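Engineer:
Residue numbers (the numbering used here): 3 to 733.
Here's what the structure looks like:
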């Protein structure tokens, strides 16, 4: 080494000396900077305040303690202005729950625990332990649990909290704490958390307190994970079990988030995006911005947890192929609302059918819909909110992807219809309404028909059209669910692919019949009110195109004819499209009835069609054939009869032909056009000449070539076209 040193050139020695000097200078700069930082921290009043609360001795008096008051005021000022960092949360939570200065400062400190970013899990765990060690009042414990629920999604990890699940469960025996503890347990529950003794304890509490919603919701989650342990019958529709309590931290969290410009979240107020509208006094939408898909666990806990349970956060998956490879090792995101904005998350729900995830998502969605649309103090915010529009569109997109709705949105709609004005976000509300699953016939009138009837007859023509289309889509979904989820024994059907709620076939038929008869009443009255408007009639005929094929297309043993208030306005319509569609509907009715009749003769268990249904169908067909084909409009025994004297006084020539295929107002222009093509040189138009044998056949072909396929099918299935020239003369 010495030889090497001696052989160094002067330039090398100079370079080495420069590097050594530079290194010493750099180290000195770092030491100076660190010293300056420590000096600044030592002089920072907020740091000094935290040191005071971390080092204050037990038994220190509160009253007359100016140092305590000044330091607490300083912490409160920082908390409400920019939020407390994680280490400050730990210090202040430890001070409050340890009761070093008694119970008086505890509530005040808890109310100022506004996180700036995340909440350390260890601090929450220590506070939970302190709450059982010290004699903290029940009201203070309730306040603490409310704070945990509010900042639940800001806690940096949940593994230690789940490790003390049993410890937390012991608090359910306290009646005032029970609703909040059940809520916290609901968020922490995993399959390994469900035990027989816990189920038994919850059932005992239910016997003592009654069927409380918070107990039922926690038991429903237990039943999802271990159905063999929970034999209790859970109602299919429960009101929200966990109230969205107005906590003292919510508005402060929003203010901190706005000033810091970070997406801080909370378990109850969720993700909030606030636009700067200083002059606006409208209520801000706290729930309507979908949160991003984020991990439940932080990076430090992720390594340990991934090595033990090998969970893969959904946020880390980028493709459907990765989802399939890790489908049974998915760690759901911190906020279930983020599932609505992720196609991969929706695919996970569709593939795995994870009921626990759906329960959590329904709870989140229920809070958002109820608070922002039902409990909103001023409706102006919702009416002008772009966030509300985007939120409902995203919800609709998710429901269309899953091909079914969410139970929480159904519950929301049942309440919202009673206060809806029919115009607010109409396309989105009607879209959600069309996704409602089958409603039992005993409840459908109160939940749907009564509020919809009031809206229907007090709204515009376009609302009437939109509602008829919505009810048609609802019926289509009901019939599709029946055809897809009907069991092999044809006795029960599952109303939802993700639940075990079943309905008997007779109950399902009753609900479908109620819906069809309800639309029939609406359609009949609205056609009178709107003067048989063509647009409204088109939507009504869309509905009956669905109804006429319930047996053959959807396998439902049911045939219901349209009421006279729909049939006759459609037949007397002045546009040929409506008449053609009515003819197609009557043709499909005949095909369905014929098939059902043949099955009734072949099978003993085939469903029975009432005689009245056949009579109504035959009556309609005879009327159409007599009018369109036989030119016998006012024949004896028909529904439409006028006195002979009145008909003669009308001076209408050959009034009995007024609604045949030549003189019907819907086809008169086609008859004139055809007459002109057949006899271009005639100056006097004689439409009766079209009734001759050959011109009649040519005219029918001409009509059918215009695209009236429904009319063609009706004529071919109900009319014998072997007509002689002599018969044609007597039309």
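The C-beta atom is built at its ideal place from N, Cα and C for all residues, glycine as well.
These numbers come from a predicted model, not from an experiment.
1. Quick one: what's residue 333 bridged to in DSSP?
2. Who are the near neighbours of residue 525 in its chain, counting only those whose CB is closer than 6 angstroms to its CB and skipping five residues on each side?
3. In angstroms with no decimal places, state the Cα-to-Cα distance between residue 406 and residue 315.
4. Which whole-angstrom value describes the C-beta separation of residue 85 and residue 60, a residue pair presumed to lie in contact below a C-beta threshold of 8 angstroms?
5. If we call anything under 8 angstroms between Cβ atoms a contact, is residue 599 one with residue 611?
6. How long is the line joining the alpha carbons of residue 471 and residue 256, rounded to whole angstroms?
7. Looking only at C-alpha atoms, which of 158, 402, 460 sits nearest to residue 433?
8. On the three-state DSSP scale, how would you describe residue 62?
9. What are the residues that DSSP puts in a beta bridge with residue 196?
10. Rank 548, 459, 670, 624 by C-alpha distance to the C-alpha of residue 476 and give the top, closest one.
11. Below 8 angstroms CB to CB, which residues in the same chain sit around residue 99 once its five sequence neighbours on both sides are set aside?
12. Give me, in chain order, the residues of the same chain whose beta-carbon lies closer than 8 angstroms to that of residue 348; leave out the 5 immediate sequence neighbours on both sides.
13. In chain order, which continuous runs of the alpha helix (DSSP H) of length 4 or greater are located wholly inside the region 668-714?
14. Using the Cβ count rule (16 or more neighbours within 10 Å means buried), how would you classify residue 486?
15. Take the Cβ of residue 575 as the centre, count every other Cβ of all protein chains shown within 10 Å, and call the residue buried at 16 or more, exposed below.
16. Tell me which same chain residues have a C-beta within less than 8 angstroms of the C-beta of residue 64, skipping the five on either side of it?
17. Would you mind sorting residue 159 into buried or exposed? The rule is 16 or more other CB atoms within 10 Å of its CB.
18. Alpha carbon to alpha carbon, how far is residue 227 from residue 200?
19. Mind checking who residue 86 pairs with in its DSSP beta bridge?
20. Say yes only if the C-beta of residue 611 is nearer than 7 angstroms to one or more non-hydrogen atoms of the ligand GDP, and no if none qualify.
21. Look at the Cβ atom of residue 250, then the Cβ atom of residue 113, and state whether they are nearer than 8 angstroms.
22. With distances taken between CB atoms, is the gap from residue 463 to residue 585 smaller than 8 angstroms?
23. If I measure Cβ to Cβ from residue 539 and keep anything under 7 angstroms in the same chain, skipping five residues before and after, which residues do I get?
24. How about residue 92 and residue 51: are their beta carbons less than 8 angstroms apart?
25. Looking only at C-alpha atoms, which of 143, 196, 188 sits nearest to residue 179?
26. Looking only at its own chain, which residues have a Cβ that is under 7 angstroms from the Cβ of residue 196, when we skip the five neighbours before and after it?
27. Are the CB atoms of residue 662 and residue 629 nearer to each other than 8 angstroms?
28. Taking the alpha helix (DSSP H) that residue 601 falls in, what are its first and last residues?
29. In or out: residue 2 buried (at least 16 other Cβ within 10 Å) or exposed?
30. Quick check on the DSSP output: the alpha helix (DSSP H) that includes residue 261 runs from which residue to which?
31. Mind reading off the beta-carbon distance from residue 710 to residue 578? Whole number of angstroms is fine, and I expect it under 8 angstroms.
32. To the nearest whole angstrom, what separates the beta carbons of residue 619 and residue 563, a pair I think is in contact under 8 angstroms?
33. What residue does the alpha helix (DSSP H) around residue 445 start on, and which one ends it?
34. With DSSP collapsed to three states, give me the class of residue 470.
35. Is it right to say residue 97 is buried, meaning 16 or more other beta carbons lie within 10 angstroms of its own, or is it exposed?
36. How would you call residue 354, buried or exposed, if buried means at least 16 neighbouring beta carbons within 10 angstroms?
Structural biologist: Judging by the given coordinates:
1. Along the chain shown, one-based indexing puts residue 333 at 331. DSSP, once it has assigned bridges, lists 315 as partnering residue 333.
2. Counted from its first residue, the chain shown places residue 525 at position 523. Answer for residue 525: 542, 568, listed in chain order.
3. Start at 1 with the first residue of the chain shown, and residue 406 comes out as number 404. Start at 1 with the first residue of the chain shown, and residue 315 comes out as number 313. Between residue 406 and residue 315, the C-alpha separation is close to 26 angstroms.
4. Taking the first residue of the chain shown as 1, we reach residue 85 at position 83. Taking the first residue of the chain shown as 1, we reach residue 60 at position 58. Actually they are not in contact, since the Cβ atoms of residue 85 and residue 60 sit about 28 angstroms apart, beyond 8 angstroms.
5. Reading the chain shown from its first residue, position 597 is the one you call residue 599. Reading the chain shown from its first residue, position 609 is the one you call residue 611. Yes, these two residues count as a Cβ contact at 8 angstroms.
6. Counting from one through the chain shown, the residue named residue 471 turns up at place 469. Counting from one through the chain shown, the residue named residue 256 turns up at place 254. Rounded to the nearest angstrom, the two C-alpha atoms are 41 angstroms apart.
7. Start at 1 with the first residue of the chain shown, and residue 433 comes out as number 431. It is 402 whose Cα lies nearest to the Cα of residue 433.
8. On the chain shown, position 60 is the one that residue 62 refers to. It is coil, neither helix nor strand.
9. Walking along the chain shown from the start, residue 196 turns up at place 194. Beta-bridge partners of residue 196 (DSSP): none assigned.
10. Indexing the chain shown from 1 puts residue 476 at position 474. Here the closest residue by C-alpha is 548.
11. For this step, residue 99 is matched to residue 97 along the chain shown. Excluding positions up to five away in sequence, the list reads 108, 128, 129, 132, 133, 136, 138, 146.
12. Numbered from its first residue, the chain shown carries residue 348 at position 346. Once the five neighbours on either side are set aside, the close Cβ partners of residue 348 are 341, 342, 400, 403, 404.
13. 670-680, 695-707
14. Indexing the chain shown from 1 puts residue 486 at position 484. Residue 486 is exposed by the Cβ-count criterion.
15. Taking the chain shown and counting its residues from 1, the one referred to as residue 575 is at position 573. So residue 575 counts as buried.
16. Translated into positions along the chain shown, residue 64 becomes position 62. Excluding residues within five positions, the ones whose Cβ falls inside 8 angstroms are 70, 103, 104, 106, 107.
17. One-based indexing of the chain shown puts residue 159 at position 157. Label assigned to residue 159: buried.
18. In the chain shown, the residue the question calls residue 227 occupies position 225. In the chain shown, the residue the question calls residue 200 occupies position 198. Computed Cα separation, rounded: 13 angstroms.
19. Taking the first residue of the chain shown as position 1, residue 86 is located at position 84. Its beta-bridge partners are 117.
20. Among the ligands in the structure shown, none appear at all, so the ligand GDP cannot be discussed.
21. Residue mapping note: residue 250 aligns to position 248 of the chain shown, counting from 1. Residue mapping note: residue 113 aligns to position 111 of the chain shown, counting from 1. Contact flag set, yes.
22. By one-based count along the chain shown, residue 463 stands at place 461. By one-based count along the chain shown, residue 585 stands at place 583. Result no, Cβ atoms of residue 463 and residue 585 do not sit closer than 8 angstroms.
23. Residue 539 sits at position 537 when you count from the first residue of the chain shown. Counting only Cβ-Cβ distances below 7 angstroms, and skipping sequence neighbours, we find 529, 571, 572, 575, 580.
24. Mapped onto the chain shown, residue 92 falls at position 90. Mapped onto the chain shown, residue 51 falls at position 49. Not in contact: residue 92 and residue 51 (Cβ atoms no closer than 8 angstroms).
25. What you label residue 179 is simply residue 177 of the chain shown in a count that begins at 1. Minimum Cα distance to residue 179 is reached at 143.
26. In the chain shown, the residue the question calls residue 196 occupies position 194. Closer than 7 angstroms at the Cβ level, and outside the excluded window around residue 196, lie 224, 227, 228, 231.
27. By 1-based counting over the chain shown, the position of residue 662 is 660. By 1-based counting over the chain shown, the position of residue 629 is 627. For residue 662 and residue 629, yes; Cβs fall inside 8 angstroms.
28. The sequence position of residue 601 within the chain shown is 599, counting from 1. Membership of residue 601 in the alpha helix (DSSP H) is indicated by the continuous run 578-604.
29. Residue coverage of the chain in this structure runs from 3 to 733, which leaves residue 2 outside it and unanswerable.
30. Working through the chain shown from its first residue, we reach residue 261 at position 259. Looking at the DSSP string, the run of the alpha helix (DSSP H) that includes residue 261 is 252-262.
31. Looking up residue 710 in the chain shown gives position 708. Looking up residue 578 in the chain shown gives position 576. The pair is a contact, with the Cβ atoms about 7 angstroms apart (cut-off 8 angstroms).
32. Position 617 of the chain shown holds residue 619. Position 561 of the chain shown holds residue 563. Yes, residue 619 and residue 563 are in contact; Cβ-Cβ is about 6 angstroms, under 8 angstroms.
33. The sequence position of residue 445 within the chain shown is 443, counting from 1. Here the alpha helix (DSSP H) through residue 445 covers 443-446.
34. Taking the chain shown and counting its residues from 1, one reaches residue 470 at position 468. In the structure shown, residue 470 sits in a helix (DSSP, three-state: H, G or I).
35. Position 95 of the chain shown holds residue 97. Residue 97 sits buried, since 16 or more C-beta atoms from the chains shown fall within 10 Å of its C-beta.
36. Looking up residue 354 in the chain shown gives position 352. So residue 354 counts as exposed.
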